[in-house]
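Q:
Numbering (our numbering), first residue to last: 606 to 793.
1. Assuming residue 733 contacts residue 660 (C-beta within less than 8 Å), just tell me the rounded distance between them.
2. Three or more beta-carbon pairs under 8 Å between the segment 697-715 and the segment 616-625, yes or no?
3. Return the residue from the list 672, 654 and 668 that minimises the CA-CA distance to residue 755.
4. Is DSSP giving residue 686 helix, strand or coil here?
5. Could you please give the first and the last residue of the uninterrupted alpha helix (DSSP H) stretch that includes residue 678?
6. Tell me whether residue 756 sits in a helix, a strand or coil according to DSSP, three-state version.
7. Whose C-beta lies closer than 6 Å to the C-beta of residue 729 among residues of the same chain, with five residues either side of it excluded?
8. Evaluate contact between the segment 680-695 and the segment 703-718, counting only Cβ atoms and requiring at least three cross-stretch pairs below 8 Å.
9. Could you tell me which of 643, 664, 655 and 625 sits nearest to residue 742, measuring between CA atoms?
10. Around the C-beta of residue 625, are 16 or more other C-beta atoms found within 10 angstroms, so that it is buried, or is it exposed?
11. Given a cut-off of 8 Å, decide if residue 656 and residue 737 are closer than it, judged by their beta-carbon atoms.
12. CB-CB under 6 Å to residue 751, same chain, minus the five flanking residues each way: which ones, in chain order?
13. Cβ of residue 668 within 8 Å of Cβ of residue 682?
14. With distance defined between alpha-carbon atoms, name the residue in 612, 746 and 632 nearest to residue 650.
15. Can you tell me the Cα-Cα spacing of residue 748 and residue 718, whole angstroms?
16. Within 10 angstroms of the Cβ of residue 643, are there 16 or more other Cβ atoms? Answer buried if so, exposed if not.
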């Protein structure tokens with residue numbers, strides 16, 4: 606397998622492995638319901654949540670950089686909707702995210718009370734895990750999504766001036782398209 610293909614599949618594999626790990630530890634915590642098992646489930650859920658937040662923020666940062674040239678939507682970035690994401694990726698990432706939500710629901714509702722009988726359970730921490738799925742979706746889409754090029758205001762043409770305005774040699778200069786500057790001319 607080439608390094609490029611391996612790199613493309615990395616967030617997909619991470620999502621599958623993370624979801625499987627969550628399923629095993631959450632089921633163990635819900636079935637065993639010992640203090641140790643609850644700690645294992647909670648630590649796993651919090652670790653996946655932290656990785657998801659990191660992935661979400663990293664993908665957002667990268668998407669903001671790409672948005673100078675590409676039209677990136679939030680739904681395309683985190684929910685993998687639309688043409689930027691191939692069907693094969695969607696058919697892996699969507700079920701993983703759905704499984705994370707379903708596992709969190711099942712384990713939390715299966716054990717709504719703590720070991721002492723009081724309401725509340727450490728298994729509810731599992732509701733944070735879908736953030737991992739969203740973060741992996743964002744990482745895949747931000748780095749590998751095939752978003753269309755940014756278009757100009759209303760004429761439908763690709764905006765070539767965006768590249769010029771963000772070029773390193775343009776630092777310190779303000780360049781605007783001629784049609785945009787005309788709106789600020791004297792009117793009177």
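Ideal placement from N, C-alpha and C gives every residue a C-beta, glycine not left out.
A: Inspection of the coordinates gives the following:
1. Within the chain shown, the letter at position 128 stands for residue 733. Within the chain shown, the letter at position 55 stands for residue 660. The Cβ separation is near 13 Å, so there is no contact.
2. Here the segment 697-715 lies against the segment 616-625, with 3 or more beta-carbon pairs under 8 Å apart.
3. In the chain shown, residue 755 corresponds to position 150, counting from 1. Of the candidates 672, 654 and 668, the one whose C-alpha sits nearest the C-alpha of residue 755 is 672.
4. As a first step, residue 686 must be located in the chain shown, where it is residue number 81. Correct three-state label for residue 686: coil.
5. For the purposes of this step, residue 678 is identified with residue 73 of the chain shown, where counting begins at 1. Taken as a continuous stretch (DSSP letters only), residue 678 belongs to no alpha helix (DSSP H), as it is neither H nor E.
6. Locating residue 756 in the chain shown gives position 151, where the first residue counts as 1. For residue 756, the secondary structure class from DSSP, reduced to helix, strand or coil, is strand.
7. Counting from one through the chain shown, the residue named residue 729 turns up at place 124. Short of 6 Å from the beta carbon of residue 729, and not among the five residues preceding or following it, lie these beta carbons of its own chain, in chain order: 713.
8. The segment 680-695 vs the segment 703-718: no contact.
9. In the chain shown, counting from the first residue as 1, residue 742 sits at position 137. For the set 643, 664, 655 and 625, the Cα lying nearest the Cα of residue 742 is the one of 664.
10. Position 20 of the chain shown, counted from the first residue, corresponds to residue 625. It is exposed - the Cβ of residue 625 has fewer than 16 other Cβ atoms within 10 Å.
11. Along the chain shown, read from residue 1 onward, the residue named residue 737 stands at position 132. Along the chain shown, read from residue 1 onward, the residue named residue 656 stands at position 51. Going by C-beta atoms, residue 737 is nearer than 8 Å to residue 656.
12. In the chain shown, the residue the question calls residue 751 occupies position 146. Cβ neighbours of residue 751 beyond the five flanking positions: 689.
13. Position 63 of the chain shown holds residue 668. Position 77 of the chain shown holds residue 682. Taking the C-beta atoms as reference points, residue 682 is found nearer than 8 Å to residue 668.
14. Locating residue 650 in the chain shown gives position 45, counting from the first residue. Ranking the options by Cα distance to residue 650, first place goes to 632.
15. Here residue 748 refers to the residue found at position 143 of the chain shown. Here residue 718 refers to the residue found at position 113 of the chain shown. Each residue's Cα considered, the two are about 42 Å apart.
16. Translated into positions along the chain shown, residue 643 becomes position 38. With a 10 Å radius around the Cβ and a threshold of 16 neighbouring Cβ atoms, residue 643 comes out buried.
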